[in-house]
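Residue numbers (the numbering used here): 2 to 372.
Where a beta carbon is used, it is the ideal one built from N, C-alpha and C, also for glycine.
Fair warning: this is a prediction, and the values are worked out from it, not measured in the lab.
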RNA sequence: GCGAAAUUGGUGAAGUGGUUAACACGCCGGAUUGUGGCUCCGGUAUGCGUGGGUUCGAUUCCCACAUUUCGCC
């Protein structure tokens with residue numbers, strides 16, 4: 002069955018929403034944060050460790066799994082859940098972000114997007130139909146429409162043409178979508194232009210998707226513009242469907258966008274920051290590589306109850322990162338994912354208590370105050 | 001004891017009779033947003049073993065000394 006979203010409560014002073022998503026693998030409250038596991042693994046973490054962090058939905062990537070090991074291998078394994086031993090829900094990104102990060106403008110045509118296989122140099126063509134077909138086989142719980150994530154800066158003309166094409170791609174993908182256990186989301190594009198966001202949202206709603214996401218953010222635009230893009234999109238989306246903001250994971254951005262009506266987020270940042278030695282804390286992001294932590298025998302955070310904070314010191318984790326031992330990246334990944342998931346828990350509480358604006362104020366005071 | 005070679009940042013080292021002594025690693029910072037994981041961007045020797053000499057000018061040429069390595073007795 003498709004996922005079911007239920008709106009439980011709206012915060013009194015903002016557009017923030019408390020809700021729940023029912024999936025084939027359990028029911029989860031929103032707002033929520035989804036860790037990213039591009040290659041069918043959240044880098045350095047086992048499924049047990051993800052559970053320990055209270056992870057709900059996790060992401061995997063169509064493009065990467067298409068290239069390696071190939072969707073047929075995963076199909077023959079019995080689907081992505083069995084293949085990677087994850088009994089929670091999975092969302093697959095469509096490859097749309099790779100249009101932004103890997104393809105050149107000339108490789109984007111009406112038919113689809115040309116890529117070069119990084120492993121063997123083969124020429125590849127990813128089309129909306131192909132992306133959906135792969136995702137149907139991967140058997141994730143939520144599939145994404147194949148879109149073009151437009152970078153920043155750009156011209157209005159380009160964004161408009163691209164958005165129109167993304168709409169046509171969404172329609173083509175939906176037409177071939179064929180997996181009764183799976184949901185399909187549409188993606189709102191349109192850059193920073195309200196009329197384009199509006200049009201995109203309205204056209205997607207006509208096609209009737211199981212949920213809607215907002216794309217084209219977190220690609221280098223100013224923060225205020227990102228928030229505006231979210232406002233211009235949420236304004237035209239139905240209340241009874243889940244809203245997913247793609248690629249956003251900076252703590253402040255999560256808060257600001259929850260306030261503007263976003264339900265779910267994903268981001269590589271907790272795991273990437275971890276591999277580069279950074280930890281998220283109440284008092285801002287810290288860099289464990291800094292010399293001042295050499296003999297700091299306290300946990301990353303006294304208030305954090307994650308496995309890393311309960312058992313290890315900054316000094317030890319710094320040593321592991323300096324020595325390029327993977328256990329360091331693993332401990333920091335556990336901490337950072339736990340941090341963002343915990344942030345969404347606190348936001349849910351704030352929505353229940355109708356005090357999310359006060360929560361934001363205090364959060365910012367701590368996060369940008371002295372470290 | 002005799003002979004030879006060498007001595008440049010924390011490390012491996014390049015280099016030149018004349019502006020800012022290459023590069024790499026390390027170290028010190030910073031970045032990272034639907035992940036082409038182990039990346040990118042800065043900073044890091046007022047100094048070239050020590051002392052003297054030649055020269056307008058020496059890390060570079062000469063002498064002595066020190067240290068190290070190798071060879072011979």
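Beta-ladder partner(s) of residue i, from DSSP
i           : result
residue 41  : Residue 41 pairs with nothing; no bridge assigned.
residue 268 : 36
residue 61  : 93
residue 188 : 214
residue 21  : 7 and 30
residue 151 : Partner(s): none; residue 151 has no beta bridge.
residue 144 : 93 and 185
residue 281 : 286
residue 244 : 213
Nearest-angstrom Cα separation, counted from residue j out to residue i
i           : j           : result
residue 100 : residue 3   : 27 Å
residue 295 : residue 275 : 17 Å
residue 111 : residue 148 : 11 Å
residue 157 : residue 102 : 20 Å
residue 281 : residue 227 : 22 Å
residue 106 : residue 351 : 43 Å
residue 70  : residue 63  : 11 Å
residue 124 : residue 354 : 54 Å
residue 212 : residue 178 : 15 Å
residue 36  : residue 267 : 6 Å
residue 153 : residue 233 : 17 Å
residue 161 : residue 253 : 29 Å
residue 174 : residue 134 : 9 Å
residue 65  : residue 7   : 32 Å
residue 18  : residue 292 : 42 Å
residue 187 : residue 73  : 25 Å
residue 30  : residue 255 : 15 Å
residue 136 : residue 297 : 46 Å
residue 61  : residue 13  : 35 Å
residue 222 : residue 132 : 27 Å
residue 340 : residue 250 : 11 Å
residue 170 : residue 95  : 11 Å
residue 109 : residue 155 : 15 Å
residue 38  : residue 78  : 18 Å
residue 326 : residue 338 : 19 Å
residue 258 : residue 225 : 11 Å
residue 189 : residue 172 : 13 Å
residue 289 : residue 319 : 5 Å
residue 43  : residue 333 : 13 Å
residue 122 : residue 166 : 27 Å
residue 365 : residue 347 : 14 Å
Proximal residues to residue i (C-beta, below 6 Å), its chain only, five neighbours per side dropped
i           : result
residue 85  : 41
residue 113 : 126, 127 and 128
residue 33  : 57, 265 and 345
residue 195 : 233
residue 230 : 193 and 218
residue 287 : 280
residue 220 : 152 and 153
residue 11  : 18
Cβ neighbours of residue i in the same chain (closer than 7 Å, five flanking residues each side left out)
i           : result
residue 308 : 53 and 335
residue 87  : 48 and 59
residue 239 : 206
residue 15  : 260, 357 and 358
residue 9   : 19, 20 and 21
residue 349 : 19, 30 and 32
residue 242 : 6, 212 and 213
residue 201 : 164, 168, 189, 190 and 191
residue 302 : 282, 283 and 310
Nonlocal neighbours in the same chain, by C-beta distance under 8 Å from residue i, ignoring five residues either side
i           : result
residue 300 : 309, 310, 311, 313, 314 and 315
residue 142 : 4, 24, 25, 26, 58, 90, 91, 92, 182, 183 and 184
residue 104 : 114, 115 and 116
residue 119 : 68
residue 328 : 321
residue 235 : 16, 215, 244, 261, 262 and 263
Rounded Cβ spacing between residue i and residue j (contact assumed at less than 8 Å)
i           : j           : result
residue 217 : residue 244 : Incorrect: roughly 14 Å between the Cβ atoms, too far for contact.
residue 191 : residue 150 : 12 Å between Cβ atoms; not a contact.
residue 138 : residue 209 : With 8 Å as the limit, residue 138 and residue 209 do not qualify as a contact, their Cβ atoms being about 23 Å apart.
residue 197 : residue 164 : 5 Å
residue 278 : residue 342 : Their Cβ separation, rounded to whole angstroms, is 21 Å, which puts residue 278 and residue 342 out of contact at 8 Å.
residue 204 : residue 168 : 5 Å
residue 45  : residue 331 : 4 Å
residue 270 : residue 247 : So it is not a contact: roughly 13 Å between Cβ atoms.
residue 140 : residue 81  : 6 Å
query = Which runs of the beta strand (DSSP E), 3 residues or longer, sit entirely within the segment 66-138?
reply = Note on the segment 66-138: whole beta strand (DSSP E) runs with a minimum of 3 residues are 91-94, 114-117 and 124-127, in chain order.
query = What runs of the alpha helix (DSSP H), each 4 residues or longer, lie entirely inside the segment 287-369?
reply = As far as the segment 287-369 is concerned, its whole alpha helix (DSSP H) runs of at least 4 residues are 308-312, 315-323, 327-353 and 357-368.
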